[in-house]
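K.L.:
Numbering of the sequence shown is given in this note's numbering, commencing with residue 10 and proceeding in unit increments.
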Amino acid sequence: MRRFYYFIIATATALLMSISANSQQVVNENFESYDAGSYMSTVAAPQWEMWGTGVLGGLVSEEQAHNGTKSMKAYISGSTETDVILNMNDLTTGRYRVEFYMYVPASHTGYYNILQDFNGQDSQWGIQLTFNNGTITIDANGSQYTHPYTADSWTKIQHFVDLDNDWIDFYLNDEFVLSYQWSKGTNGDGTTCKLDAIDFYSHTANNQSGLYYIDDLVIEQATAPAAPTNLTATVQNENDVALSWTAVDNDDLVYYSISREGEEIATTTATSYTDTHLYPMTYNYQVRAYCGTAIGYSAASNTAQAVIEGGVERENVLVEIYSRVGCGYCPYAVRALDQMEATGNFNMIVLDHQTANDFGYTQSANRYNWWDSKRDMFGNQYDFEGATPGVLFDGYIGMSGVVTNVNDMKTQYTQMYNYIKEINSIYNLTAELIQTEVNSKTFTLNVTAEKLSDYFGNDQIVIMAALTEDLTYTWQGYNKLNNMVRVLYPNYNGTAATFDTNNQFSTSYTITVSDDYDISKCKVAVWVENHTQGRVMQSKQFKVSDYYVTDIAEENVETSIFPNPSDGLFSISASNIESIEVYDITGKLVMQQQVNADNATIDLRNNAKGIYTLKTYTGNNVKVNKLIVE
10 MRRFYYFIIA TATALLMSIS ANSQQVVNEN FESYDAGSYM STVAAPQWEM
60 WGTGVLGGLV SEEQAHNGTK SMKAYISGST ETDVILNMND LTTGRYRVEF
110 YMYVPASHTG YYNILQDFNG QDSQWGIQLT FNNGTITIDA NGSQYTHPYT
160 ADSWTKIQHF VDLDNDWIDF YLNDEFVLSY QWSKGTNGDG TTCKLDAIDF
210 YSHTANNQSG LYYIDDLVIE QATAPAAPTN LTATVQNEND VALSWTAVDN
260 DDLVYYSISR EGEEIATTTA TSYTDTHLYP MTYNYQVRAY CGTAIGYSAA
310 SNTAQAVIEG GVERENVLVE IYSRVGCGYC PYAVRALDQM EATGNFNMIV
360 LDHQTANDFG YTQSANRYNW WDSKRDMFGN QYDFEGATPG VLFDGYIGMS
410 GVVTNVNDMK TQYTQMYNYI KEINSIYNLT AELIQTEVNS KTFTLNVTAE
460 KLSDYFGNDQ IVIMAALTED LTYTWQGYNK LNNMVRVLYP NYNGTAATFD
510 TNNQFSTSYT ITVSDDYDIS KCKVAVWVEN HTQGRVMQSK QFKVSDYYVT
560 DIAEENVETS IFPNPSDGLF SISASNIESI EVYDITGKLV MQQQVNADNA
610 TIDLRNNAKG IYTLKTYTGN NVKVNKLIVE
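1) Using a Cβ-Cβ cutoff of less than 7 angstroms, which residues in the same chain neighbour residue 436 once the five nearest sequence positions on both sides are dropped?
2) How about residue 472: is its C-beta nearer than 8 angstroms to some C-beta of chain C?
3) Please identify the residue among 158, 198, 176 and 43 whose C-alpha is closest to the C-alpha of residue 387.
4) If you measure between the beta carbons of residue 402 and residue 429, is that distance less than 8 angstroms?
5) Could you give the distance in angstroms between the alpha-carbon of residue 189 and the alpha-carbon of residue 427?
6) Select from 491, 135, 122 and 72 the residue whose C-alpha is nearest the C-alpha of residue 529.
7) Should residue 571 go down as buried or exposed, given a rule of 16 or more other Cβ atoms within 10 Å for buried?
8) What residue from 483, 124, 231 and 257 has the CA that sits closest to residue 337's CA?
9) Please work out which residues of its chain come closer than 7 angstroms, Cβ to Cβ, to residue 379, disregarding the five sequence neighbours upstream and downstream, and give them in chain order.
10) Roughly how many angstroms lie between the CA atoms of residue 619 and residue 608, to the nearest whole one?
11) Write down the C-beta distance between residue 556 and residue 421 rounded to the nearest angstrom, noting that I regard them as a contact closer than 8 angstroms.
12) Could you check how far apart the C-beta atoms of residue 361 and residue 332 are, in whole angstroms? I think they sit under 8 angstroms.
13) Can you give me the C-alpha to C-alpha distance between residue 138 and residue 144, rounded to a whole angstrom?
14) Does the Cβ-Cβ distance between residue 187 and residue 223 come in under 8 angstroms?
15) Classify residue 23: buried if its beta carbon has 16 or more other beta carbons within 10 angstroms, exposed otherwise.
16) Find out if the Cβ-Cβ distance for the pair residue 90, residue 210 is shorter than 8 angstroms.
17) Secondary structure at residue 401, three-state DSSP: helix, strand or coil?
18) Thinking C-alpha only, which one of 68, 61, 550 and 58 is nearest residue 41?
19) To the nearest angstrom, how far is it from the Cα of residue 286 to the Cα of residue 244?
20) Measuring only the C-alpha atoms, how far is residue 614 from residue 578?
21) Going along the chain, which residues of its own chain have a beta-carbon closer than 7 angstroms to the beta-carbon of residue 481, five neighbours each way excluded?
22) Is the Cβ-Cβ distance between residue 240 and residue 316 less than 8 angstroms?
23) Between which two residues does the beta strand (DSSP E) harbouring residue 157 extend?
24) Quickly, what does DSSP pair residue 165 with across the bridge? List them, please.
25) Is there contact between the stretch 116-133 and the stretch 201-215, where contact requires at least three CB pairs shorter than 8 angstroms?
26) Quick one, are the C-beta atoms of residue 141 and residue 217 less than 8 angstroms apart?
27) On the CB-based measure, 16 or more other CB atoms within 10 Å of its CB, does residue 149 come out buried or exposed?
28) Which residues in the same chain as residue 269 place their Cβ atom closer than 8 angstroms to its Cβ, once the five residues preceding and following it in sequence are excluded?
29) Am I right that residue 203 and residue 100 are in contact with their C-beta atoms under 8 angstroms? What's the rounded C-beta distance?
30) Out of 116, 227 and 324, which one is the CA nearest neighbour of residue 433?
31) Pop quiz: residue 110 and residue 163 are said to be a contact at Cβ under 8 angstroms. What is the actual Cβ separation, rounded to whole angstroms?
32) Please go through the same chain and pick out, in chain order, the residues whose beta-carbon is closer than 7 angstroms to the beta-carbon of residue 304, but skip the five residues on each side of it.
33) Cα-Cα, which of 455, 524, 519 and 97 is closest to residue 478?
34) Express the C-alpha separation of residue 389 and residue 455 in angstroms, rounding to a whole number.
35) So residue 227 and residue 37 are supposed to be a Cβ contact under 8 angstroms. How far apart are they, rounded?
36) Could you spell out the range, first to last residue, of the beta strand (DSSP E) harbouring residue 359?
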């Protein structure tokens, strides 16, 4: 599963040198000039420093060496870890080759990260690597990558960080591994384009203690090769984009790298490429020339934009949180979402699925388990495995766990919300909530989904609804339990949609609010979802009390409406009509008219086509009818 990690590790063990942003000189640190047994944070300060107190500052050792007789050792002494920083002092321009060798003994762990900004717990990670049990885990650009390594031997590690063009390419043992937009950093949501420090930390993983050696560290400014030019992007076959560009004149060229939204999607030796089966959105492309491990990538070409038609704005983002009142960490996540919702600045619908304990709901627990078979939009499988809290934003991205700071949670959730809100939907959703009769707590929810694109092919599309309630309840030091799911309709699998020749599907649900619930604090949410992939496409929500009529009797009200459906012009007849009200499908009042007669005319010809609710008032009576504008 793609997680939004919080790297608040007290990390570091670092090395090196003095470097100027304007220097072209290669700077080497082979540790040969220092006495064995000394610490880099002491003998090479302030370039080298410990991250925090009570840690080790990078030991100069004669136990291993790539060249010469010495290297820097990161290890654990008793319970004291190595955590040392090599400062590069906020480099903001230039392209840099950052290279060193690492030796990780068998049954031990190696670790380092490169920081875009070194600022204690507020530091920004650009990339981090963990060497453990023969596998390197690389956290970069919001995803995890793995690569093998050989223990008890030296691994060559090389990065080209291009601050002028916001790009990094990364290599292991002269083999290209990955590249991405540098500012996106480890989490994939960053914006900092700097090179500030390297952090070496004796991290323990899988019960294997941190122990490794660093040698022959080199940092130098490196000129990027010439970039491709004249990139164009042309939409073909509705969902494909054809790219072409002018070749570079470089004998070292290995291939061209095509990136979409800052991420490499393909390589080719040709000067054209077709990106196929694209979701309806706007896409930005660039091309780079790759010229081998010694030179790396060129700067980017011009940006070419292509628009795949068929998408509409995402009306809301459905945020599903899976929690338990017995979970000590859940209130941090719940409070963050409550505070976001209270601002009114987010078009989001929150569903709190209680999976166990006092309010455990079987259908919610089943839906949470169902997510484990799905993947996020980056291809990473969700692996909640029932752990709470777990949060999903329209099913595209998710997060398990928390940091124990509500403001930090809000920051992460806001980034996730903003990311998803910008993704177009390829479905429209209309819905109306109608009270079956006055004083009744039973309602009919009518729903219509309209498919705007065949992008999803034969994937199963479903409609689903939920009845929620806001509770005052004390749990884990918090006294609210908002948006708690009481009922899923029809169940956690939804209603399968079969679209007609007009690409529409309609269904309805009977929503009954139990007498045990406070109807004034109940809401009904409804959404259309790609159930094969787990992607919520559009969602709506109704506050039940807006549709709950109790103080007026509905007796002996015979109302005639003609024509219905119509183009928007309706004739209404009833005995002693005092007033009429018309509401759209969102519950918004769109017309209010005093009548005081037996007949009235309603003109909705300037309103959008769709379903409206008419309330006809006669004395102490009211009649609710449906109007259809075609």
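Where a beta carbon is used, it is the ideal one built from N, C-alpha and C, also for glycine.
Since this is a predicted model, take the numbers as computed values, not measurements.
P.N.:
Taking the coordinates as given:
1) 458, 459, 460, 461, 537, 546 and 547
2) Note that chain C does not occur in the displayed structure, where there is just one protein chain.
3) 198
4) yes
5) 21 angstroms
6) 491
7) exposed
8) 483
9) 501
10) 23 angstroms
11) Their Cβ separation, rounded to whole angstroms, is 35 angstroms, which puts residue 556 and residue 421 out of contact at 8 angstroms.
12) 6 angstroms
13) 10 angstroms
14) no
15) Annotation note: pLDDT 29 at residue 23 (below 50); position unreliable, coordinate value reported separately. Its Cβ being crowded by 16 or more others within 10 Å, residue 23 is buried.
16) yes
17) strand
18) 68
19) 11 angstroms
20) 6 angstroms
21) 488 and 489
22) no
23) 152-157
24) 110
25) yes
26) yes
27) buried
28) 284, 292, 293 and 294
29) 6 angstroms
30) 324
31) 5 angstroms
32) 234 and 261
33) 524
34) 35 angstroms
35) 5 angstroms
36) 357-363
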